[in-house]
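FYI, the numbering for the sequence shown is 873 to 1610, going by the numbering used here. Built from N, CA and C at the ideal position, the CB exists for glycine as well. Here's the structure, in structure tokens; my notes come after.
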Amino acid sequence: MFSRVAAVKAPRTHNRRRVTGSSGRRREGRESEPQRPNMSRRVFTSAVLLLFVVMMCCGSGTAAADGSSGSGEAQLPQEVDLFVPQKTQVVIKSGGATEVKDSFGSPSFALAGEVMVAIAEGHKDYNDPQHTSDLYSSEIVAGYINATEPWSSIVADISSDDWRAYTIFTRESSKDHFGVALLPTAVSTGSDVFLLVGSHYLIRDATGKHWIDDIWDIHLVVGKATQSAEAKQGELIEWGTPTSLLASITKSTQQRDLMRFVGGGGSGIVTEEGWLVFPMMATRKTDRGIESMLFYSKDKGVNWDVSKGIPAAECFDPCIAEWENRELLMLAYCVDGQKVFRSRDMGDAWTKASDLLPRVWITTQPIRRGEGWPVGALITVEFYGRKVLLYTQKVGYPPGERNNKALYLWVADNNHTVYFGPLSVETGAKRAFANTLLYYGDALYLLQRMGDGKTDGVFLFRIIEELSKIKSIVRNWIEVDAFFSGLSTPTTGLVGVLSDSSGADKWDDMYRCVDATVLGAIRIEDGFKFTGHGAGGIWPVNSRGDNKKYTFVDFTFTLVATVVIEEMPSGGSSVPLLGAMLEDGKGTKFLGLACAENRMWETVFDEQTGQGDFWVPKKEYQVALMLNGNKGYFYLDAELLGTSDTMRRREERAYDVLGFYFGGDESGRDSSASVKNVFLYNRILTPGELKMVKKTGSPKHESSSSEASGSDSSAHECVYFVPLVSLGLWALALFYGV
């Protein structure tokens, strides 16, 4: 099947192999594994004990926040087969007769009044004995769902023999040519739904041996919910006559030399101002390159315009969302992977938004299309007055695995991100492709294409449990932000705070996103005391095992902590206190602070060691570590302790920053140091801001304890404890000096 890009960049001769839809339908490449270090029997024994604790944690009967039960079986959302190949009856456009389709693809979702409109391509195989490649015609079909009905009634209606899909757009076919409609992209406002559809003909050439794609067009089809209680299934939406937009679009883009206009797939948006906005793609005539842009109307569909700018050259598969301050986001697949862009002028100018969806910004080198972790669907939703991004993304299942792919639901704001699920899990015969989200009536719906790539269906999922957990998480973010704002602690860019502990081996993130794991430490108020050989902890905010939530630590961060050096026996090497470590299987210290036996601070900048001022035993210090590109900084009580401008940038390093370490004395002496109230920011703080970073007391949660920390808390204990094992247990080797 043609990919979405192939659909607009195809050669003149047709050769079908199509995988379409909004982002997230590509095959994903495998990642390299970290090296496996040698391990002593002592470390191996400790590792076995740790693994036992992890298994006990994950084996509890509490449901996990990632959707898996204590037994390890995925508790997937409820689903129903919406459009099924060779089964679902599709009413043809000319009348009441029906037919079946050989495959469905490119799902799109809209809400018109109280009718959920599920839209997809319907493919019909075309058998040509002279043509060895697969050929097919395609139409746009829709199914109508009463959104006011309970889920059980929706499932019953769709599963009944009376369920129908309805053809809403087609291009006439004959013996020597047939129509291909592709990438339906829908947006709705009130009771109206606007559908953007690209299309072309496949025409047999003069030799009769080849098929040529030609006569491209792009249409707008407008439907309206009938709002009638007596309306039958096929009468819930009345569709108008398709209107060709090709002439007007070509005229407005004539200076750009573009052709083959198609929608971006999935769904468009309605802005806060009421503007209708579609993602759109086109092909350059000169070099057949792809451009992504916006197609929008400021007057509810009367007049339309095309944005003047593009986010970057060769970016395709666009999906869009409106973010804060009327800012538009575009997520697009570029030559070096998916990227996020922002625009404040309806697409006339775009800038990179690397602070949003940080997990998308992983690849820094050109990759093949489909590698990495492509996002499938992206929408904005408001909970408790805070706008958040909801998006779907494939990761390994269980988290950290490479071979089994699952689709997870992520929630993010400007600072935090966490995932729930899985929503669906691939099998050998059922791969996941395009998907799109719709939020309505306190429920979240997922429309997903799944199949073997040739005979695919479209499935409808109702997401309730994960949505409830997301609301709990967002409420917690709001409460914790309000708590620190009351203390005048900066919250802009505040990603996580390690303070209280729910166990002897777990250091809780107050934002409930990524917890830290500790070994051999003593709990104290707001932190831990690390005493003796091997006592230490790891905060794996960017670990492969936990699906790399916070990739910003590879580029820019500030880590602030309160430390006290309790005891430092003479003799031997310096004792590590805290710092950032690389995910290289060796626990290499990239940026670190240690205590030297001469009572001087010892700094590590990209494995290079230096010394600073003297430290005083049992005195409380505020220390801050910062990374900004190739520059590293250490601050002591808001005063600069050391700096370096020779740090290797991410593209110059072979490994990512895993996260942060605490303690880990390898000297064999009875040293003792405490670390508490650790703050992580995704930006650089000024010395004045450092003086304001503090924590006294604890926030008061409005939500009940069961909602705020019941199944979620237990799940995070399992989910974030596992990465220490999945990283090959090299972190233990670091602690024990092997």
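- In the DSSP assignment, TRP1023 falls outside any beta strand (DSSP E) and lies within the alpha helix (DSSP H) extending over 1023 to 1031.
- Setting aside the 5 residues that flank it on each side, ILE1437 is surrounded in the same chain by CYS1467, TRP1487, PRO1489, ALA1545, each with a C-beta closer than 7 Å to its C-beta; the list follows chain order.
- Counting other Cβ atoms within 10 Å of its Cβ, SER1344 reaches 16 or more and is therefore classed as buried.
- In the structure shown, ARG1395 adopts extended strand secondary structure according to DSSP, grouped into three states.
- If you ignore the 5 residues before and after PHE1133, its C-beta comes within less than 6 Å of the C-beta of ILE1090, ILE1121, ALA1154, all in its own chain and listed in chain order.
- Per DSSP, reduced to three states, the secondary structure at ALA1249 is strand.
- The C-beta of GLU1439 has fewer than 16 other C-beta atoms within 10 Å across all chains shown, which makes the residue exposed.
- Distance between LEU1054 and GLY1209, taken at the CA atoms: about 24 Å.
- Of the residues assessed, GLU1144 falls on the exposed side of the cut-off, its CB having fewer than 16 other CB atoms within 10 angstroms.
- LYS1104 sits in coil when the DSSP states are folded into three classes, being neither helix nor strand.
- Nearest C-alpha to ASP1034 among LYS959, PHE1041, GLY1325, LYS1170: LYS959.
- Distance from the CA of ARG1216 to the CA of LEU1530, rounded to the nearest whole angstrom, comes to 34 Å.
- Secondary structure at LEU1530: strand, using DSSP grouped into helix, strand and coil.
- The beta carbon of GLY1392 is closer than 6 Å to those of GLY1406, ALA1407 in its chain, skipping five residues each way along the sequence.
- A contact is defined here as three or more CB-CB pairs under 8 Å, and the segment 1357 to 1366 fails this definition with respect to the segment 1326 to 1333.
- The criterion of a C-beta distance shorter than 8 Å is not satisfied by SER1071 and GLY1095.
- The straight-line gap separating the alpha-carbon atoms of SER1045 and LEU1118 is approximately 20 Å.
- Runs of the alpha helix (DSSP H) lying entirely within the segment 947 to 1014, each at least 4 residues long, are absent.
- Comparing C-alpha distances from ASP1372 to each of ASN1307, SER1357, GLU1194, THR1389 shows the shortest one belongs to THR1389.
- Between PRO1151 and LEU1166, the C-beta spacing is below 8 Å.
- Beta-bridge partners assigned by DSSP to MET1322: ALA1304, GLY1329.
- Under DSSP, CYS1467 takes part in a beta bridge, and its partners are VAL1447, TRP1473.
- Residue state for LEU1309 is assigned as strand, using DSSP reduced to three classes.
- Taking a 10 Å sphere around the C-beta of LYS973, we find 16 or more other C-beta atoms and assign the residue as buried.
- Secondary structure of ILE1410 (DSSP, three-state): strand.
- In the structure shown, ILE1335 adopts extended strand secondary structure according to DSSP, grouped into three states.
- For LYS1123, the enclosing alpha helix (DSSP H) covers residues 1118 to 1124.
- A residue is called buried when at least 16 other Cβ atoms come within 10 angstroms of its Cβ; THR1430 meets this threshold and is buried.
- Taking a contact as a CB-CB distance under 8 Å, the pair HIS995 and TYR1016 does not count as one, their CB atoms being some 21 Å apart.
- Cβ contact annotation for GLU1196 (same chain, cutoff 8 Å, sequence separation greater than five): LYS1259, ASN1286, in chain order.
- For LYS1172, DSSP records no beta bridge to any residue.
- With a minimum length of 3 residues, the unbroken runs of beta strand (DSSP E) contained wholly in the segment 1359 to 1392 fall at 1366 to 1370, 1388 to 1391.
- The segment 1516 to 1523 and the segment 1468 to 1479 touch, with no fewer than 3 CB-CB distances between them shorter than 8 Å.
- Taking 8 Å as the cut-off, the beta carbon of GLY1399 is found closer than this to the beta carbon of VAL1547.
- Separation of the CB atoms of SER980 and ILE964 is rounded to 20 Å, and the pair is thereby denied contact status at 8 Å.
- Residue state for PHE1427 is assigned as coil, using DSSP reduced to three classes.
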